[in-house]
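Numbering (our numbering), first residue to last: 15 to 116. We treat Cβ as the ideally placed atom computed from N, Cα and C, and that holds for glycine. The structure presented is a predicted model; accordingly, all values stated were derived computationally and were not measured. Step one of this worksheet: look at the structure below.
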Amino acid sequence: MGKYSNVYDFVSKHPFEKPLHRLIMFRVWSAGNPDGQGERIINNDAMAQFCCCSKQALYKETKTLDRLGFLSVRKIASITIDAKAKIEPVRAYTITMGINNE
């Protein structure tokens, strides 16, 4: 697993670029089992309400974490009766601990 012994260790000790990055990672980590493994389903409103920053800033920094390889974010969609895709107001988050975790 590299220099971090578990996901909590990574989230609490990694030198993230911004404090908001650590806050986002802790929010994702706290949404599931304490082992930090697996995907966590978080409602968009619940994700936005835990922070005093704007939704735009939160989503921008979440995308940054995704781009850096620390977090994988997946939109959840469903198929309606008329076979149209409908994006649900939730996302699935997986902590990936970064592409450079050695």
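Where does the unbroken alpha helix (DSSP H) through residue i begin, and where does it stop?
i: N20; result: Looking at the DSSP string, N20 is not in any alpha helix (DSSP H), and its letter there is neither H nor E.
i: A45; result: Premise fails: A45 is in no alpha helix (DSSP H) and is neither H nor E.
i: D80; result: 69 to 82
Drop a sphere of 10 angstroms on the beta-carbon of residue i, count the other beta-carbons inside from all chains shown, and report buried for 16 or more, exposed for fewer.
i: G52; result: exposed
i: E31; result: exposed
i: I56; result: buried
i: I109; result: buried
i: R105; result: buried
Starting from residue i, follow the beta strand (DSSP E) in both directions and report where the run begins and ends.
i: E31; result: It is not in any beta strand (DSSP E) - E31 carries neither H nor E in the DSSP assignment.
i: N57; result: 53 to 57
Using C-beta distances below 8 Å, list every residue in its chain close to residue i, excluding the 5 sequence neighbours before and after it, in chain order.
i: Y18; result: F24, K27, H28, M111, N115
How many angstroms separate the CA atom of residue i from the CA atom of residue j?
i: C67; j: D96; result: 38 Å
i: A10; j: P103; result: Beyond the ends of the chain as shown, which are 15 and 116, falls residue 10; an answer cannot be given.
i: I38; j: G83; result: 14 Å
i: R47; j: K77; result: Just to set this straight, residue 47 is Asn in the shown sequence, not Arg. Near 23 Å, if we compare the C-alpha coordinates of K77 and N47.
i: R88; j: V42; result: 13 Å
i: Y22; j: E75; result: 20 Å
i: A60; j: L79; result: 18 Å
i: P33; j: D49; result: 22 Å
Can you find the residues in the same chain that come closer than 7 Å, C-beta to C-beta, to residue i, ignoring five residues on each side of it along the sequence?
i: F40; result: V25
i: K69; result: A62
i: N58; result: P103, V104, R105
Any heavy atom of the ligand SAM inside 8 Å of the beta-carbon of residue i?
i: M111; result: Ligands are entirely absent from the displayed structure, and the ligand SAM is therefore not among its contents.
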